[in-house]
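Undergrad:
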């Protein structure tokens, strides 16, 4: 008897409680997507099938406003439509803002999609990259938007991509996902962080930028504890909390400035270091050495001059020596040139015996 | 007194409802994008990075969608191993990318030097309308893909032979090589073209940012299927063996060519490393500022001193 009950319980489980908020949001999207005309406010807030119509109009209006904001966070934009000539007192009507919401069909060509997919796969292969969740979404959407226009698409997943997907779908890093969500929605997030010395702290951060560097992922974020934009290594984030208030990223903020070089890792004042590179070096080579930091420019004779702030002059000299075969040389300040010479002299002395 | 159950650790910034809405929208986009509005359930779970139970939850939410006025309703069901969306009522054009995804797309297009017209088409089709081409990058990476990725990619897809201009370590200017591209390999160290060097009849690795020109030849690549050995194997086969000593307490490098590491009684470390470029090794010894010494062979020691004095 007990066994039969157990079997019944297994075959006919308790129905899952309906997520009314999720259902209402999806219904709103569905109805507006299917509607041949804009819907009046009254039609929406009085519709109990849609999840409104509670009898308290003010409450339903608030709910409708919150739902529009929620859908906007998901990339679905609902716009108020004013009929030309309508009076101020006439009630509003609402429709999906299709241009803002939906990818534009017919623009992406098959060769574009192929190139983009290959490019995304190349980036997915970067070890320790924090870009996996958005890269995967872009890859799918690039293929979807093309297929929606052209029917069947013949871009196939490479074996490597299949392997990556299988591995990553199960091991997707929830912290990385949550950071991308906070960054995309421009909302602050509470973070528990363990620094390189093992010290734990709780902070509220506003993520301004995300970058990959030497097989690890980092964020550049405004940190409420210091009031400054700081760099945090993603794999040292122990925990993230709920989303907080909205924020804006300052105009002109450039994440490349946070791609650190060995001479950034010190306290104290910075010195303006100048290095040269031969004219034969291409822009791509210079970019690979400098990470786009500071200012690299061609001089009148074609050679390159790179000006960058350095916190540790000895480390800057060592950095230049590690690229000496590329023709990199220090120009100034004098302390940098002295440190370069001192490195060479110590090395020669160590090999004299 | 029974202990209070520990509050489950939050692993996402979104509420459960947000996540369910996202998942249902993604499933509708996915189903709408296929020719017959059908997708294998395991493929959908893979694309949405969710469990089968979470797929059921999304299907249930979608199946309740209905519009009283137009009579439209979403018809979605499982058919054996597939998920099917019937009728056109719930078809959904793909949504534009979010701000975060848009920043990543801009980074990918910029770092791979895609043509301006390709960038323009992709941007107009997919990026959020608020995104302008003038925005400073919010997403960045230190891996360089050079300036010729699109041409190399085309050569790989069309299996064509290429003439590349390439400057190797220790060379002051690029030299031309004719190669059959095999693949592009990305490591923590950088991005490489793996190719068969036609003249040498041997596989080689070319760092992408050192390739200064690519000409795709009207000639098929004839080396398809050739394997490029791992860096360590290649160095073991043809690299010069150097004996190095690292001073006590100084960091020991993690180069691919390191064959042996031996701790010494005085706290120093001895390494046997194989390298294909002595100037590359000399630079690293110099950068260590006396904390790294070449022990043997003697001509490499002398070579270092001579190289250092010429800097």
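Protein chains in written order, with the numbering used here: chain A, 1 to 353; chain B, 1001 to 1311. No residue lacks a Cβ here, since even glycine has one placed at the ideal position from N, Cα and C.
Going by C-alpha distance, which of 117/A, 125/A, 288/A is nearest residue 1150/B?
TA: Looking at the Cα atoms, 117/A is the closest of the given residues.
Undergrad: If you count every other CB in all the chains shown that lies within 10 Å of the CB of residue 320/A, and 16 or more means buried, which is it?
TA: Buried is the call here.
Undergrad: Would you say residue 49/A lies against chain B (beta-carbon separation less than 8 Å)?
TA: It does; some Cβ of chain B falls within 8 Å.
Undergrad: Quick check on the DSSP output: what are the complete alpha helix (DSSP H) runs of length 4 or more inside the stretch 169 to 225 of chain A, in order along the chain?
TA: The stretch 169 to 225 of chain A contains these whole alpha helix (DSSP H) runs: 174 to 185.
Undergrad: Quick one: list the residues of chain B neighbouring residue 180/A, beta-carbon separation under 7 Å, in chain order.
TA: Result: 1100.
Undergrad: If you measure from the beta carbon of residue 246/A to each beta carbon in chain B, is any gap under 8 Å?
TA: Taking Cβ atoms only, chain B never reaches closer than 8 Å to residue 246/A, which makes this a no.
Undergrad: Jot down the residue ranges of each uninterrupted beta strand (DSSP E) in the stretch 1089 to 1159 of chain B, minimum 3 residues, whole runs only, in chain order.
TA: Here the runs fully enclosed are 1139 to 1141.
Undergrad: To the nearest angstrom, report how far apart residue 1148/B and residue 1281/B are at their CA atoms.
TA: Rounded to the nearest angstrom, the two C-alpha atoms are 28 Å apart.
Undergrad: Does the CB of residue 234/A have a neighbour CB from chain B at under 8 Å?
TA: Judged by the 8 Å Cβ criterion, residue 234/A is not in contact with chain B.
Undergrad: Helix, strand or coil for residue 127/A per DSSP?
TA: If DSSP states are grouped into helix, strand and coil, residue 127/A belongs with coil.
Undergrad: From this set, 318/A, 279/A, 60/A, which residue's C-alpha is nearest residue 46/A's C-alpha?
TA: The candidate whose alpha carbon is nearest that of residue 46/A is 60/A.
Undergrad: Taking 7 Å as the line, does the beta carbon of residue 268/A fall inside it for any heavy atom of the ligand HEM?
TA: Judged by which ligands are present, the structure shown has none, so any question about the ligand HEM falls away.
Undergrad: Spell out the partners DSSP gives residue 1173/B in its beta bridges.
TA: DSSP, once it has assigned bridges, lists no residue as partnering residue 1173/B.
Undergrad: Can you list, in chain order, the residues of its chain whose CB lies under 6 Å from that of residue 1112/B, leaving out five sequence neighbours each side?
TA: Around residue 1112/B: 1145, 1149.
Undergrad: Are there 16 or more other CB atoms within 10 angstroms of the CB of residue 188/A, so buried, or fewer, so exposed?
TA: Residue 188/A is buried by the Cβ-count criterion.
Undergrad: Could you pull out every unbroken alpha helix (DSSP H) segment of at least 4 residues lying fully inside the stretch 242 to 323 of chain A, listed in chain order?
TA: Runs of the alpha helix (DSSP H) inside the stretch 242 to 323 of chain A: 283 to 290, 313 to 322.
Undergrad: Mind listing the chain B neighbours of residue 221/A? Cutoff is C-beta to C-beta under 7 Å, in chain order.
TA: In chain order: nothing, as chain B lies at least about 11 Å away.
Undergrad: Residues of chain A with a CB under 8 Å from the CB of residue 1285/B: which are they?
TA: Going along chain A in sequence order, the residues near residue 1285/B (Cβ under 8 Å) are 347.
Undergrad: Name, in chain order, the residues that DSSP records as bridge partners for residue 332/A.
TA: For residue 332/A, which the question treats as bridged, DSSP gives the partners 274/A.
Undergrad: Got a sec: is the Cβ-Cβ distance from residue 1054/B to anything in chain A below 8 Å?
TA: Chain A, which has no Cβ nearer than 8 Å to the Cβ of residue 1054/B, makes this no.
Undergrad: At 7 Å on the CB atoms, spell out the chain A contacts of residue 1212/B, in chain order.
TA: Those are 282, listed as they occur along chain A.
Undergrad: Compile a chain-ordered list of the residues in the stretch 1114 to 1130 of chain B whose CB is closer than 7 Å to at least one CB of chain A.
TA: Hits within the stretch, in order: 1114, 1118, 1121, 1122, 1124, 1125, 1126, 1129.
Undergrad: Please state whether DSSP places residue 1039/B in a helix, a strand or coil.
TA: Residue 1039/B: strand per DSSP, three-state reduction.
Undergrad: Using only the alpha-carbon positions, how far apart do residue 254/A and residue 1076/B sit?
TA: Taking the straight line from one Cα to the other gives about 45 Å.
Undergrad: How about residue 197/A: is its C-beta nearer than 8 Å to some C-beta of chain B?
TA: By this cut-off, residue 197/A is not an interface position.
Undergrad: The beta strand (DSSP E) spanning residue 27/A covers which residue range?
TA: Careful: residue 27/A lies outside any beta strand (DSSP E), inside the alpha helix (DSSP H) at 20 to 34.
Undergrad: Please name the residues in the stretch 245 to 264 of chain A whose beta-carbon is closer than 7 Å to at least one beta-carbon of chain B, in chain order.
TA: From the stretch 245 to 264 of chain A, only 249, 252, 253, 254, 255, 256, 259 have a Cβ closer than 7 Å to chain B.
Undergrad: Among 197/A, 92/A, 28/A, 131/A, whose alpha-carbon lies nearest the alpha-carbon of residue 1140/B?
TA: Nearest option by C-alpha distance: 131/A.
Undergrad: Any beta carbon of chain A sitting closer than 8 Å to that of residue 1145/B?
TA: Yes, because at least one Cβ of chain A sits closer than 8 Å to the Cβ of residue 1145/B.
Undergrad: From the DSSP secondary-structure annotation, give me the bridge partner or partners of residue 1197/B.
TA: Bridge partners of residue 1197/B: 1179/B, 1202/B.
Undergrad: Expressed to the nearest angstrom, what Euclidean distance is found between the alpha-carbon atoms of residue 298/A and residue 1235/B?
TA: Approximately 36 Å between the Cα atoms of the pair.
Undergrad: Would a C-beta distance cut-off of 8 Å place residue 1030/B and residue 1047/B closer than the cut-off?
TA: Yes; because the gap between Cβ atoms is below 8 Å, this pair is in contact.
Undergrad: With DSSP collapsed to three states, give me the class of residue 1301/B.
TA: Three-state DSSP puts residue 1301/B in a helix.
Undergrad: Just to confirm before moving on: does the CB-CB distance between residue 1286/B and residue 344/A stay below 8 Å?
TA: Yes, the Cβ-Cβ distance between residue 1286/B and residue 344/A is below 8 Å.
Undergrad: In terms of residues, what are the limits of the beta strand (DSSP E) holding residue 1053/B?
TA: Careful: residue 1053/B lies outside any beta strand (DSSP E), inside the alpha helix (DSSP H) at 1052 to 1063.
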